[in-house]
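What follows is a short report on a single structure.
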Amino acid sequence: MATTHSQAAATAAAPTPTTAAAAGPVGELDLETRLALTDAGMTVRLQDALLRLGVDAAAPETDARLEDAGTEALTAYVARAQPTPAFTYRTPVAALLDRAARRLEADGWCRDATRDASGARCLYGAIHAEASAAGEEDDALALLLEAIRRRDPRAQTIPAHNADLAGAAAAVQLLTQAARLADARGQ
Numbered sequence: 001m002a003t004t005h006s007q008a009a010a011t012a013a014a015p016t017p018t019t020a021a022a023a024g025p026v027g028e029l030d031l032e033t034r035l036a037l038t039d040a041g042m043t044v045r046l047q048d049a050l051l052r053l054g055v056d057a058a059a060p061e062t063d064a065r066l067e068d069a070g071t072e073a074l075t076a077y078v079a080r081a082q083p084t085p086a087f088t089y090r091t092p093v094a095a096l097l098d099r100a101a102r103r104l105e106a107d108g109w110c111r112d113a114t115r116d117a118s119g120a121r122c123l124y125g126a127i128h129a130e131a132s133a134a135g136e137e138d139d140a141l142a143l144l145l146e147a148i149r150r151r152d153p154r155a156q157t158i159p160a161h162n163a164d165l166a167g168a169a170a171a172v173q174l175l176t177q178a179a180r181l182a183d184a185r186g187q
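So for the sequence shown, the UniProt record's numbering puts the first residue at 1; every next one is plus one.
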């Protein structure tokens with residue numbers, strides 16, 4: 001009678017009376033055994049990683065051109081692939097502006113809507129999403145408008161300036177500058 005793979009594995013893994021008595025109570029492993037098991041597990045993981053690296057390195061070149069991909073989509077993809085930086089600001093408005101900048105990096109930036117279908121947000125939309133109180137949001141928007149007017153004294157509103165931005169990087173940079181301004185003022 002033929003045995004299946006799982007039956008053979010169960011038979012091979014079943015301890016014999018002599019090995020079970022020598023190993024001690026079930027569940028207790030000595031240090032050497034635990035180290036050997038950990039070493040075996042790490043070896044398997046490293047071999048798997050090397051295999052993946054070899055596959056990634058051997059991937060054929062593609063005919064896709066970088067110009068064909070949208071810069072906002074690429075920026076959002078890169079931001080999602082990178083770990084979120086640690087919290088850096090201790091003041092509430094500066095922390096809010098910093099969180100809004102990280103949200104734009106993660107979710108993407110959009111020009112003509114508070115939030116688009118893909119989840120990307122404008123400057124106001126990112127602040128609104130991160131604010132926990134209306135007063136905090138108002139203070140953050142006032143500081144953002146001040147940071148915008150430092151760059152462009154003719155700027156009238158945040159949405160109008162948002163529509164004139166070149167891309168997500170410029171939006172994130174504005175929020176970061178506003179966060180620094182808020183932190184310097186202790187807000």
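From the three backbone atoms N, C-alpha and C, an ideal C-beta is built for every residue, glycine too.
- With 16 or more other Cβ atoms from the protein chains shown falling within 10 Å of its own Cβ, Gln177 counts as buried.
- In this structure, Leu104 lies near Ala171, with their beta-carbon atoms less than 8 angstroms apart.
- Our two residues, Arg121 and Arg90, have alpha carbons roughly 25 angstroms apart in a direct line.
- One alpha carbon belongs to Asp116, the other to Ala169, and they sit about 18 angstroms apart.
- Contact between Glu130 and Arg99 holds, with the beta-carbon distance rounding to 4 angstroms and staying under 8 angstroms.
- Taken in chain order, the unbroken stretches of alpha helix (DSSP H) that lie wholly in the segment 103-173 and span 4 residues or more are 123-130, 134-151, 158-164.
- Just measuring C-alpha positions, the residue of Ile127, His128, Ala106, Tyr124 sitting nearest Ser118 is Ala106.
- DSSP, reduced to helix, strand and coil, places Leu29 outside both helices and strands of the structure shown, so it counts as coil.
- Shortest Cα-Cα distance from Leu165 to any of Ser132, Leu181, Asp112 involves Asp112.
- Restricting attention to Leu50, Thr43, Arg45, Pro92, the CA atom closest to the CA of Gln187 is found in Pro92.
- Considering only Asn162, Gly167, Leu50, Leu141, the residue with the shortest C-alpha distance to Ala179 is Leu141.
- When the alpha-carbon of Tyr124 is set against those of Thr88, His161, Ala94, the nearest one is in His161.
- Under the three-state reduction of DSSP, Gly186 is assigned to coil, being neither helix nor strand.
- Scanning its chain for C-beta atoms nearer than 7 angstroms, with the 5 sequence neighbours on each side dropped, one finds around Ala182 the residues Thr91, Val93, Ala94, Leu97, Leu143, in chain order.
- In the structure shown, Arg34 adopts helical secondary structure according to DSSP, grouped into three states.
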